[in-house]
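Novice: Quick one: the structure is below, questions incoming.
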Amino acid sequence: MKTDLTDYTYSPLDDGTQMFREIDKYTASSRRVPESPLLPRPLTLSERTGPIELPRKWDVGALDLCRTSENGPRALGQLISVSGRVTDEDGSPVAGVVMELWQANAAGKYIHEMDDHMAPLDPNFSGQGRLVTDEDGRYQVFTIKPGAYPVLYSGWWWRPPHIHFSILGTSWMNRFITQIFFPGEPLNEKDLLLNGVPDNDVRERLIFEYTGTVMGEFSYIGYRRDFVLRGHRRTPELA
Amino acid sequence: MSRRALVSPGSTTGPFFPREFSDGSEDLTLRDRHTARGQHLLLTGRVLELGAKPTWNMVIEIWQPDASGIFRHPVDPRAAQADPGFWGWGRARTAKDGWYRFKTVLPGAYRSEDGSERCPHINCTVLGIGLTRRLITTIFFSDEPDRVSDPVLSCVPDATLRRRLFAQRDPSLDSGSLPAYRFDIILRGDGETPFFID
Numbered sequence: 003m004k005t006d007l008t009d010y011t012y013s014p015l016d017d018g019t020q021m022f023r024e025i026d027k028y029t030a031s032s033r034r035v036p037e038s039p040l041l042p043r044p045l046t047l048s049e050r051t052g053p054i055e056l057p058r059k060w061d062v063g064a065l066d067l068c069r070t071s072e073n074g075p076r077a078l079g080q081l082i083s084v085s086g087r088v089t090d091e092d093g094s095p096v097a098g099v100v101m102e103l104w105q106a107n108a109a110g111k112y113i114h115e116m117d118d119h120m121a122p123l124d125p126n127f128s129g130q131g132r133l134v135t136d137e138d139g140r141y142q143v144f145t146i147k148p149g150a151y152p153v154l155y156s157g158w159w160w161r162p163p164h165i166h167f168s169i170l171g172t173s174w175m176n177r178f179i180t181q182i183f184f185p186g187e188p189l190n191e192k193d194l195l196l197n198g199v200p201d202n203d204v205r206e207r208l209i210f211e212y213t214g215t216v217m218g219e220f221s222y223i224g225y226r227r228d229f230v231l232r233g234h235r236r237t238p239e240l241a
Numbered sequence: 008m009s010r011r012a013l014v015s016p017g018s019t020t021g022p023f024f025p026r027e028f029s030d031g032s033e034d035l036t037l038r039d040r041h042t043a044r045g046q047h048l049l050l051t052g053r054v055l056e057l058g059a060k061p062t063w064n065m066v067i068e069i070w071q072p073d074a075s076g077i078f079r080h081p082v083d084p085r086a087a088q089a090d091p092g093f094w095g096w097g098r099a100r101t102a103k104d105g106w107y108r109f110k111t112v113l114p115g116a117y118r119s120e121d122g123s124e125r126c127p128h129i130n131c132t133v134l135g136i137g138l139t140r141r142l143i144t145t146i147f148f149s150d151e152p153d154r155v156s157d158p159v160l161s162c163v164p165d166a167t168l169r170r171r172l173f174a175q176r177d178p179s180l181d182s183g184s185l186p187a188y189r190f191d192i193i194l195r196g197d198g199e200t201p202f203f204i205d
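So the sequences go chain by chain: A and B. Just so we're aligned, residue 3 is where the first sequence starts under my numbering, counting upward by one. Just so we're aligned, residue 8 is where the second sequence starts under my numbering, counting upward by one.
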């Protein structure tokens, strides 16, 4: 069932559920996070509306990142499926919204002018794309497991394998961006971002769940991550 | 009371937000081969970090009503009358020298649900390296900033800070017949832009 957005509101984000704004050693945060306190403000139409037409603007459908053309050669690396469900704070599906994904290739290289790591590009891997969540809020994409890569300026920091997610929600208030890590990676223990969280529960929600292997014509390893976007009904449903 | 689920933790876009994700979204004024109504303008400025240093590849997203103050969204009771030539949403990124630019229209004023008048404004989000959570602010338009009454603007505690939220007409940046309005975003340090709680 589609959520009635007119009977919908947003509470300020609970800091206990989110990453710290300033993280020791993540030096960019101390140059860019404002020093002055953030100001409270009311939510009007302007904040409670948002770009729900983007699937049409971009003509977005399904997404397959493991190749760059329908019958083209497979990208190098371990084939994985990444899937999950996007809901609001009431557990209702966030349907028909754009999700953007981007990631490094199997060698830990992005197609990006700011990436100066000396690792090879893969001509069969773009590492970026868009999809739309289905009517139940679900998404699924085949891709390859990204490689780790060094943050060269830091002198020590290696980013563990991770995939970036951006969700254009149903309003200005439930825009969502994160990056999700893989379970059991040794580099997870030292990553500044994965560990820049208030507690272990928040950290766990930044890691994919391994869902097992699938054997067949198309064999792959499964990972899952659900997302809860902010937003809830103004009037809770009667029990 | 039903128990609500905890909101998922967000994170930074990092340095490698794909350029292709911004391509084509800096111009809000063309939709389905219609041209947006109202005064077209260039909204441009720099995003600066501590020490007034330019930032590269910061992502700016904007959301605004059309020239008549209507949002293309079911929550707006006037949505059916929204301008068919206007998307309302745009995304740009900063170049190496810190500049971003949008082509959009001067937003219309409107009356909010609680009866308050919202003055012409554009919602603005900043994402990028160093920001584990997005920053949100509001860009206002007026020749007389000190006389503007707006329920969001009035949350900013003093006149000096409120003036920082107004885009300034800057003819030196005009592009052909397109008038330029400049809005610099100072993330941290002297002249810091006021940001709102998310």
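Glycine residues also receive a C-beta, built at the ideal position from the N, C-alpha and C atoms. Bear in mind that the values here come from a model prediction, so they are computed numbers and not experimental data.
Any residues in the segment 112-132 of chain B with a beta carbon nearer than 8 Å to a beta carbon of chain A? Which ones, in chain order?
Specialist: Cβ contacts with chain A: Tyr117, Ser119, Glu120, Asp121, Ser123, Arg125, His128, Asn130, Thr132.
Novice: Given a cut-off of 8 Å on the beta-carbon distance, is the pair Leu37/B and Gly92/B in contact?
Specialist: Yes; because the gap between Cβ atoms is below 8 Å, this pair is in contact.
Novice: Among all the DSSP beta bridges, which residues are the ones paired with Ala187/B?
Specialist: DSSP lists Leu49/B as partners of Ala187/B.
Novice: Between Ser94/A, Tyr141/A, Arg177/A, Val84/A, which has its C-alpha nearest Arg235/A's C-alpha?
Specialist: It is Ser94/A whose Cα lies nearest to the Cα of Arg235/A.
Novice: Give the DSSP-derived three-state secondary structure of Glu68/B in the structure shown.
Specialist: Three-state result, Glu68/B: strand.
Novice: From what residue to what residue does the beta strand (DSSP E) around Arg23/A run?
Specialist: Run containing Arg23/A: none; DSSP gives neither H nor E here.
Novice: Is there a Cβ of chain B sitting closer than 8 Å to that of Tyr141/A, yes or no?
Specialist: No, no contact with chain B.
Novice: For Thr200/B, is the classification buried or exposed, using 16 other Cβ atoms within 10 angstroms of its Cβ as the cut-off for buried?
Specialist: Label assigned to Thr200/B: buried.
Novice: To the nearest angstrom, how far is it from the Cα of Ser149/B to the Cα of Leu185/B?
Specialist: Spanning the two alpha carbons is a distance of roughly 17 Å.
Novice: Would DSSP call Arg34/A helix, strand or coil?
Specialist: In the structure shown, Arg34/A sits in a helix (DSSP, three-state: H, G or I).
Novice: Counting only C-beta atoms, is Pro61/B closer than 8 Å to chain A at any point?
Specialist: Output row for Pro61/B: interface = no.
Novice: What does the alpha-carbon distance come out to for the pair Phe202/B and Leu231/A?
Specialist: Going from the Cα of Phe202/B to the Cα of Leu231/A covers about 21 Å.
Novice: With distances taken Cα to Cα, identify the nearest neighbour of Leu195/A among Ile169/A, Arg227/A, Pro162/A.
Specialist: Residue Pro162/A is the option with its Cα nearest to Leu195/A.
Novice: For the segment 159-227 of chain A, list the beta strand (DSSP E) runs that are entirely contained and at least 3 residues long, ordered along the chain.
Specialist: You should have 164-170, 178-183, 211-216, 222-226.
Novice: Report the residue from Trp158/A, Glu219/A, Thr145/A, Ala150/A whose alpha carbon sits nearest the alpha carbon of Leu103/A.
Specialist: For Leu103/A, the nearest C-alpha among the options comes from Thr145/A.
Novice: With a Cβ-Cβ cutoff of 8 Å, do Arg195/B and Glu55/A count as a contact?
Specialist: No. Outside cutoff.
Novice: Can you confirm whether Ala30/A, when its beta carbon is compared against all beta carbons of chain B, has any partner nearer than 8 Å?
Specialist: Taking Cβ atoms only, chain B reaches closer than 8 Å to Ala30/A, which makes this a yes.
Novice: Please check the pair Ala74/B and Val112/B, which I expect to be a contact at CB under 8 Å, by giving their CB distance rounded to whole angstroms.
Specialist: Rounded, the Cβ-Cβ distance is 5 Å, consistent with contact.
Novice: Under a Cβ-count criterion, where at least 16 other Cβ atoms within 10 Å of its own Cβ denotes burial, should Ala241/A be classed as buried or exposed?
Specialist: Unreliable placement is indicated for Ala241/A, whose pLDDT of 48 sits below 50; no coordinate value is reported for it.
Novice: How long is the line joining the alpha carbons of Val155/B and Thr19/B, rounded to whole angstroms?
Specialist: Going from the Cα of Val155/B to the Cα of Thr19/B covers about 34 Å.
Novice: Have a look at Arg189/B and Thr213/A and give me their C-alpha separation to the nearest angstrom.
Specialist: Computed Cα separation, rounded: 50 Å.
Novice: Taking the alpha-carbon positions, what's the Thr145/B to Gln80/A distance?
Specialist: Each residue's Cα considered, the two are about 44 Å apart.
Novice: Does Lys59/A come out as helix, strand or coil in the three-state DSSP assignment?
Specialist: It is helical.
Novice: Quick one: what's got a C-beta closer than 7 Å to Arg34/A's C-beta in the same chain, skipping five residues either side?
Specialist: The answer is none, since no qualifying residue turns up.
Novice: Just the Cα atoms here: how many angstroms apart are Thr172/A and Thr62/B?
Specialist: Going from the Cα of Thr172/A to the Cα of Thr62/B covers about 29 Å.
Novice: So, helix, strand or coil for Gln88/B, using DSSP?
Specialist: The answer is helix: DSSP assigns Gln88/B an H, G or I state.
Novice: Does DSSP put Pro162/B in a helix, a strand or coil?
Specialist: Looking at the sequence shown, residue 162/B is not Pro but Cys. Three-state DSSP puts Cys162/B in a helix.
Novice: Let's test the definition: count the other Cβ atoms within 10 Å of the Cβ of Leu154/A and tell me whether it reaches 16, buried, or not, exposed.
Specialist: Per the 10 Å Cβ criterion, exposed.
Novice: Does the structure place the segment 84-94 of chain A close enough to the segment 116-128 of chain A that three or more beta carbon pairs sit under 8 Å?
Specialist: No: the two stretches stay apart, fewer than three of their Cβ pairs being nearer than 8 Å.
Novice: Would a C-beta distance cut-off of 8 Å place Met101/A and Tyr151/A closer than the cut-off?
Specialist: No, these two residues do not count as a Cβ contact at 8 Å.
Novice: Check the DSSP bridge columns for Ala99/B and list the partner residues they point to.
Specialist: Paired residue(s): Ile67/B.
Novice: Please confirm whether Asp83/B has its beta-carbon closer than 8 Å to some beta-carbon of chain A.
Specialist: Answer yes: the Cβ-Cβ gap between Asp83/B and chain A drops below 8 Å somewhere.
Novice: Interface residues of chain B around Ile54/A at Cβ under 9 Å?
Specialist: By Cβ distance, chain B contributes Arg79, His80, Pro81.
Novice: Can you check which of these residues, Pro81/B, Phe147/B, Arg169/B, is closest to Ile69/B by C-alpha distance?
Specialist: Ranking the options by Cα distance to Ile69/B, first place goes to Phe147/B.
Novice: Ser184/B touches chain A at which residues, Cβ-Cβ below 9 Å?
Specialist: Simply none; closest approach about 26 Å.
Novice: Since Met101/A sits in a beta bridge, which residues does DSSP pair it with?
Specialist: In DSSP, Met101/A forms a bridge with Leu133/A, Ile169/A.
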